Amino acid sequence: TVESIDKCKGMVEAISDDKAMHGMFTSIFDLLKNLCSKEINAQNFDYDLELMEFQRNLSAKHDQTRNDPLRMLLYALSESIQRTSHVLVAKFAEAKAAGEVQISHEIKAEPAEDVLFQSQEDCIDNDLVEPKMEDVDDSPFFPGFSLEEQKPTTSRNNGSNYLKKYQSTGSRRFTEVPSYSGQRGMYACPLCKGKTTERSLRTLETHLRIHHGKTAKTAKLSFVCACGYIAFNFYNAHDHKKLCGHCDFTMHRSDDDFDPAPSNLTVYRTTVRFPLTATTIRKGAERRESASGEQESKSSQGEEIYICPFCRREVERSLRNLQTHLQNHHRRTCKQARLCFICVCGYSTQIVNDVCKHKRKCAKSFFTMHHTSV
1 TVESIDKCKG MVEAISDDKA MHGMFTSIFD LLKNLCSKEI NAQNFDYDLE LMEFQRNLSA
61 KHDQTRNDPL RMLLYALSES IQRTSHVLVA KFAEAKAAGE VQISHEIKAE PAEDVLFQSQ
121 EDCIDNDLVE PKMEDVDDSP FFPGFSLEEQ KPTTSRNNGS NYLKKYQSTG SRRFTEVPSY
181 SGQRGMYACP LCKGKTTERS LRTLETHLRI HHGKTAKTAK LSFVCACGYI AFNFYNAHDH
241 KKLCGHCDFT MHRSDDDFDP APSNLTVYRT TVRFPLTATT IRKGAERRES ASGEQESKSS
301 QGEEIYICPF CRREVERSLR NLQTHLQNHH RRTCKQARLC FICVCGYSTQ IVNDVCKHKR
361 KCAKSFFTMH HTSV
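If you're matching positions, the sequence shown starts at 1 in UniProt numbering and goes up one per residue.
Below is the structure:
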């Protein structure tokens, strides 16, 4: 009814703070109201249809989150209502041209003795002509959305296509960061020049924070999923993985106003008081080179010994003992204590289990402990 439509329109005006979306919803409710209160061949009915299309295109042009699934559903709903109205107008015009519909704008008083409802036989008209739909344009009114079912894909190129569509309306320019090994879910840091070390999404997040003091936003990185979703930070990327069944991100970097990695890392990473600019003391003899110039095996290099940066007593502990000491005496983990462990190969982490796993794989495994400022 007209009253329910006015009530919904008032609710939109109360909760909507987006001017573009507010205009699109207003045009939808105005069209539905005209369908209920006016004749379908009214003089300004075509104007309402064109106004609805204009409001939708204008809203999508300035909507920064138009690729959001909920926003896409709203645009598709607006397009479906407009298409349905066009079909109704076409059917009504065909029936009127065939002389089967009698239009009367006058309200005639019915006699009291007349039958209120007609029989079912009187309502059936077998001579009604099916309207021809050749003249109806079936192209989508908004080219970015289609009412046809779009199945998800696992292709990595699909995310680039969505990114090109985003670039056509956005002001930022993006360049895809290549994957050297081609392995899915592995990314090379674009701030480390000359290095092709690939990391997972969580490891890359830790690497950027510890070594470069940056987040994905400050490093101007974006992650484009194969389904078309674009994440500009690691939190949204991890959250999207829980929802998307075909999650496959490709990493892109913005080309405008790029801020390179600082050469001095002491601004973002500070070392705790101890010799050799690190808090690690190697136990046992130092490395000795053999006659062939090769280093001794890792088993003869000794074990890394760490000193807790929060205790006055400089007690030497192994990595596992340091982890237990932090939990029992300081009530915090290594990550909460802002401690990070950096291998000589460049690998970095704040989790003790990751350090132990990396030691089994890396032939040059030797970690130093650092205290981060972020």
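C-beta: ideal position from N, C-alpha, C; glycine also. Source: prediction; values computed, not measured.
### Message
I need the straight-line Cα distance from residue 396 to residue 47, nearest angstrom please.
### Response
Within the shown structure, residues of the chain are numbered from 1 to 374, placing residue 396 beyond reach of any answer.
### Query
From this set, 367, 357, 315, which residue's C-alpha is nearest residue 340's C-alpha?
Comparing Cα positions, the closest option is 367.
### Message
Give the list of continuous alpha helix (DSSP H) stretches no shorter than 4 residues that lie fully inside the region 25-89.
### Response
45-61
### Task
Could you have a look at residue 315 and say whether DSSP puts it in helix, strand or coil?
coil
### Task
Assign residue 221 to one of three DSSP states: helix, strand, or coil.
Residue state for residue 221 is assigned as strand, using DSSP reduced to three classes.
### Message
According to DSSP, is residue 8 part of a helix, a strand, or is it coil?
### Response
Here residue 8 carries a helix assignment [DSSP, helix/strand/coil].
### Alpha carbon of residue 318 to alpha carbon of residue 199, nearest angstrom
27 Å
### DSSP three-state assignment for residue 233, whether helix, strand or coil
coil
### Query
By how many angstroms is the C-alpha of residue 365 removed from the C-alpha of residue 375?
The structure shown has nothing for residue 375, since the chain only spans 1 to 374.
#### Entry: CA nearest to the CA of residue 375, picked from 94, 27, 91
The structure shown does not extend to residue 375, since the chain is modelled only from 1 to 374, so the question has no answer here.
### Task
For residue 223, I'd like the list of residues in its chain whose CB is within less than 6 Å of its CB, leaving aside the five on either flank, ordered along the chain.
231, 237, 249, 251
### Task
Quick one: grab the DSSP three-state call for residue 341.
strand
### Query
Can you name the start and end residues of the beta strand (DSSP E) that residue 307 belongs to?
Going by DSSP, residue 307 is part of the beta strand (DSSP E) stretching over 304-307.
### Query
Short check: CB of residue 326 to CB of residue 337, under 7 Å?
yes
### Query
With burial defined as no fewer than 16 other Cβ atoms inside 10 Å of the residue's Cβ, what is the status of residue 304: buried or exposed?
buried
### Query
Is residue 54 near the ligand SAH, judged by its Cβ being under 6 Å from some heavy atom?
Ligands are entirely absent from the displayed structure, and the ligand SAH is therefore not among its contents.
### Helix, strand or coil at residue 355 according to DSSP, with G and I counted as helix
Looking at residue 355 - three-state DSSP - the assignment turns out to be helix.
### Task
Taking residue 203 as the reference, give the member of 191, 213, 187 with the closest Cα.
Checking every option, the nearest Cα to that of residue 203 belongs to 187.
### Alpha-carbon to alpha-carbon, residue 32 and residue 91
18 Å
### Query
Taking residue 370 as the reference, which of 307, 359, 77 has the closest Cα?
307
### Neighbourhood of residue 217 by C-beta distance below 8 Å, restricted to the same chain and skipping five residues each side
Around residue 217: 232, 233.
### Query
Can you pull the DSSP bridge partners for residue 198?
188
### Query
Under 7 Å between the Cβ atoms of residue 208 and residue 219?
In terms of Cβ geometry, residue 208 and residue 219 form a close pair [threshold 7 Å].
### Beta-carbon separation (whole angstroms), residue 23 vs residue 59, contact threshold 8 Å
6 Å
### Query
Can you tell me whether residue 191 is buried or exposed, with buried defined as 16 or more other CB within 10 angstroms of its CB?
buried
### Task
Just tell me which of 350, 34, 346 has its CA closest to the CA of residue 362.
346
#### Entry: Through-space distance from residue 241 to residue 324, alpha-carbon basis
Between the alpha carbons of residue 324 and residue 241 lies a gap of roughly 33 Å.
### Message
I'd like to confirm the pairing. Which residues does DSSP put opposite residue 367 in its beta bridges?
### Response
343
#### Entry: Integer-rounded CB distance, given that residue 206 should sit under 8 Å from residue 350
The Cβ separation is near 6 Å, so the contact holds.
### Whole-Å CB distance - residue 375 paired with residue 82, under 8 Å assumed
With the chain running from 1 to 374 in the structure shown, residue 375 is simply not present.
#### Entry: In DSSP terms, what residue 349 is bridged to
341
### Task
State the Cα-Cα distance for the pair residue 65 and residue 213, rounded to the nearest angstrom.
28 Å
### Query
In or out: residue 334 buried (at least 16 other Cβ within 10 Å) or exposed?
buried
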